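Following: one structure in structure tokens, then a few remarks.
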Amino acid sequence: MTLILAHRGYAAEYPENTMLAFKEAEKAGADGLELDVQMTRDGELVVIHDEKVDRTTDGTGLVKDYKLEDLRKLDARFKFQSLPKKEQIPTLAEVLEWLSGTGMVCNIELKNSIIPYEGMEEKVIKMVRDYDLSDRIIISSFNHYSIVQSYLLAPEIEIAPLLSEGLYMPWIYAQSIKAKGFHPHWRAAPDQIITASLESGIDVRPYTVNKEAELERLFKVNCTAVITDEPAKARRIRDKI
Ligand code: G3P
Ligand code: CA
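Numbered according to numbering that gives the first Met the number 0, the sequence shown spans residues 0 to 240.
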């Protein structure tokens, strides 16, 4: 069965990368989450997509220039101002603590392509191990050097390269860096690439799949997982097939 991973939580209907979005994704029937990790000035791992807080909070500036206690004062509701209360930027620890009480899997994307956060891999791995979640986490990044480092530090935790462009044989590339799967943009994941990858024992989890016809195609070809902003819609389509 193709798993449904809720992209930035339930980003279509709730403030992305917040505890509210993650909890609602679980209620909507998602099998797992996808989330983005950046690091604060005092070295804390926080769940936010952009290097800057400007788009998704009422603050301004780079995450890396904030101390955690100041970052936590920001309101991450952004365009969802009608929600009754403020949402904080979650720490990765907060999400993993909650996740460990659920049956969900989680794709942690290291956002370290633009800012190469020193020691991020070690910190993420330590936290995953502390919460005993090694078998439910996939570490991904557009920074493939970083995921190889992660694999060398913790071979028991799965890694997956993010691929924004199509490769002729992405499964061979994944195997060459010891990844058990890869996460392509959905346009770079035609049926024949998915089938050849699965036949080679390599998992494929395309992002960010929101169109009904694409979700249906990926469920039908038995893709490993889809990463979607709309877990409820995906669930409805999967349940019909
Ligand atoms: O993990 C897949 C996807 O999240 C990568 O793109 O920009 O949404 O983090 P982005
Ligand atoms: Ca992401």
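Glycine included, every Cβ here is placed at the ideal spot set by N, Cα and C. In this text, all values refer to a predicted model and were calculated from it rather than measured experimentally.
Inset, instruction - Could you tell me if the beta carbon of Y116 falls within a distance shorter than 8 Å of some heavy atom in ligand 1? - result: Position 117 of the sequence shown, counting from 1, holds the residue named residue 116. No - ligand 1 has no heavy atom lying nearer than 8 Å to the Cβ of Y116.
Legend entry - Three CB pairs or more closer than 8 Å across the region 2-10 and the region 24-40: yes
Legend entry - Distance between R216 and L44 (C-alpha atoms, nearest Å): Residue mapping note: residue 44 aligns to position 45 of the sequence shown, counting from 1. Residue mapping note: residue 216 aligns to position 217 of the sequence shown, counting from 1. In a straight line, the C-alpha of L44 is about 36 Å away from that of R216.
Inset, instruction - Confirm, please, whether the CB-CB distance from P183 to V203 is below 9 Å. - result: Against the sequence shown, residue 203 aligns to sequence position 204. Against the sequence shown, residue 183 aligns to sequence position 184. In this structure, P183 lies closer than 9 Å to V203 by Cβ.
Legend entry - CB contact flag (V36, D49, <9 Å): On the sequence shown, residue 36 is found 37 positions in, with the first residue counted as 1. On the sequence shown, residue 49 is found 50 positions in, with the first residue counted as 1. No; because the gap between Cβ atoms is not below 9 Å, this pair is not in contact.
Inset, instruction - With P230 as the anchor, note down where its beta strand (DSSP E) starts and where it stops. - result: Numbered from its first residue, the sequence shown carries residue 230 at position 231. Where P230 is concerned, there is no enclosing beta strand (DSSP E), although the alpha helix (DSSP H) it sits in stretches over P230 to K239.
Inset, instruction - Could you name the residues of the same chain whose beta carbon sits closer than 8 Å to that of M119, not counting the 5 residues immediately before and after it, in chain order? - result: As a first step, residue 119 is located in the sequence shown; it is residue number 120 there, counting from the start. Within the same chain, M119 has close Cβ partners V36, M38, L44, L109, N111 and S145.
Legend entry - Outcome for D190 when other beta-carbon atoms lying within 10 angstroms are tallied against a minimum of 16: For the purposes of this step, residue 190 is identified with residue 191 of the sequence shown, where counting begins at 1. Looking at its Cβ environment, which holds fewer than 16 other Cβ atoms inside 10 Å, D190 is exposed.
Legend entry - Opening and closing residue of the alpha helix (DSSP H) in which L197 lies: Your numbering for residue 197 matches position 198 in the sequence shown. Looking at the DSSP string, the run of the alpha helix (DSSP H) that includes L197 is D190 to E198.
Inset, instruction - Just the C-alpha distance for D134 and K66, rounded to the nearest angstrom, thanks. - result: In the sequence shown, the residue the question calls residue 134 occupies position 135. In the sequence shown, the residue the question calls residue 66 occupies position 67. So the alpha carbons of these two residues sit roughly 31 Å apart.
Inset, instruction - Just the C-alpha distance for L166 and I138, rounded to the nearest angstrom, thanks. - result: What you label residue 166 is simply residue 167 of the sequence shown in a count that begins at 1. What you label residue 138 is simply residue 139 of the sequence shown in a count that begins at 1. Looking at the two C-alpha atoms, the distance is approximately 20 Å.
Inset, instruction - Could I get the ranges of all uninterrupted beta strand (DSSP E) runs contained in the region 95-146, with 3 residues as the minimum, in chain order? - result: 104-109 and 136-140
Legend entry - Element boundaries [alpha helix (DSSP H), containing M38]: For this step, residue 38 is matched to residue 39 along the sequence shown. Careful: M38 lies outside any alpha helix (DSSP H), inside the beta strand (DSSP E) at G31 to M38.
Legend entry - Beta-carbon proximity of L91 to V123, cut-off 9 Å: Walking along the sequence shown from the start, residue 91 turns up at place 92. Walking along the sequence shown from the start, residue 123 turns up at place 124. Yes, the Cβ-Cβ distance between L91 and V123 is below 9 Å.
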